[in-house]
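See structure below.
2 protein chains.
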Amino acid sequence: MKKFIAEIDIMPIREILDPQGKAVTLGLNNLGLNEVAEARVGKHITLQLEAESEDKAKEKVETACQKLLANLIMEKYSYEILAVE
Amino acid sequence: MKKFIAEIDIMPIREILDPQGKAVTLGLNNLGLNEVAEARVGKHITLQLEAESEDKAKEKVETACQKLLANLIMEKYSYEILAVE
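Line order of the protein sequences matches chains A and B. If you read the first sequence in the working numbering, its first letter stands for residue 1, the second for the next number, and so on. If you read the second sequence in the working numbering, its first letter stands for residue 1, the second for the next number, and so on.
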């Protein structure tokens, strides 16, 4: 079994309002950062996992995203898998 | 002014317990993904901003992270800046 790290981003889809992102945009504008046009806020998840190969690790991360981590109605996910050592 | 996108990750530092990450680990184990050893959960923020140059954009993102987005006592941040077009 090899060790992998998965870096997963889960973001609200474009079509959906993101009130947290709106709040961040306003907060940054109030700080004087008026050049920030839009902010969107989602989750970042780091998983340490073991698998026989990178393909198997990818399969597991897909399962994790689809069954637990992302709400596919409102969110989309993307990830990167890195081999450790 | 050029357009940039900043992809920011904000994660709880190693030394701090991450109960949300623990819950994710347990949830994945219950789903049959026993090979997941550790999960940590943080935020992912995408900013669209304008700046004269990539260096200026970086400065603005640093300010945003330090003054609003990250709690530097409990979190660390990292980011990537991409020029648009």
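Just so you know, even glycine gets a beta-carbon here, dropped at the ideal spot from N, CA and C.
At a cut-off of 7 Å, is residue i close to the ligand HEM when judged by its beta-carbon and the heavy atoms of the ligand?
i	result
Thr46/B	The ligand HEM is not part of this structure, which contains no ligands at all.
Could one say the Cβ of residue i lies closer than 8 Å to chain A's Cβ atoms, at least one of them?
i	result
Asp9/B	yes
Leu16/B	The sequence shown places Ile at residue 16/B, not Leu. Answer no: the Cβ-Cβ gap between Ile16/B and chain A never drops below 8 Å.
Glu76/B	The sequence shown places Lys at residue 76/B, not Glu. Not closer than 8 Å to any Cβ of chain A, the Cβ of Lys76/B fails to qualify, so no.
Leu82/B	no
Glu35/B	yes
In the DSSP output, which residue or residues are listed as bridge partners for residue i?
i	result
Pro19/B	Note: Pro19/B sits in no beta bridge, so no partner.
Ser89/B	Here chain B covers residues 1 to 85 and nothing more, so residue 89/B does not appear.
Val84/B	Beta-bridge pairing links Val84/B to no other residue.
Gly42/B	His44/A
Lys2/B	Ala51/B
What did DSSP end up calling residue i once you bin it into helix, strand or coil?
i	result
Ala70/A	coil
Val36/B	strand
Glu50/B	strand
Leu26/B	helix
Does the beta-carbon distance from residue i to residue j come in below 8 Å?
i	j	result
Leu26/A	Lys67/B	no
Ala64/B	Phe4/B	no
Glu50/B	Lys2/B	yes
Ile10/B	Leu69/B	yes
Pro19/A	Gly42/A	no
Tyr77/A	Glu7/A	no
Ala39/B	Ile45/A	yes
Ile81/B	Lys58/B	yes
Lys60/A	Leu72/B	no
Do we get a CB-CB distance below 8 Å when we pair residue i with the residues of chain B?
i	result
Ala51/A	yes
Lys43/A	yes
Lys60/A	yes
Val24/A	yes
Starting from the beta carbon of residue i, find every residue of chain B whose beta carbon is closer than 8 Å, and list them in chain order.
i	result
Lys67/A	Leu31
So which residues of chain A does residue i contact, with C-beta pairs closer than 9 Å?
i	result
Leu28/B	Leu47, Leu49, Lys60, Thr63, Ala64, Lys67, Leu68, Leu69
Report the neighbours of residue i on chain A: residues whose CB is nearer than 7 Å to its CB, in chain order.
i	result
Glu86/B	With chain B covering only 1 through 85, there is no way to say anything about residue 86/B.
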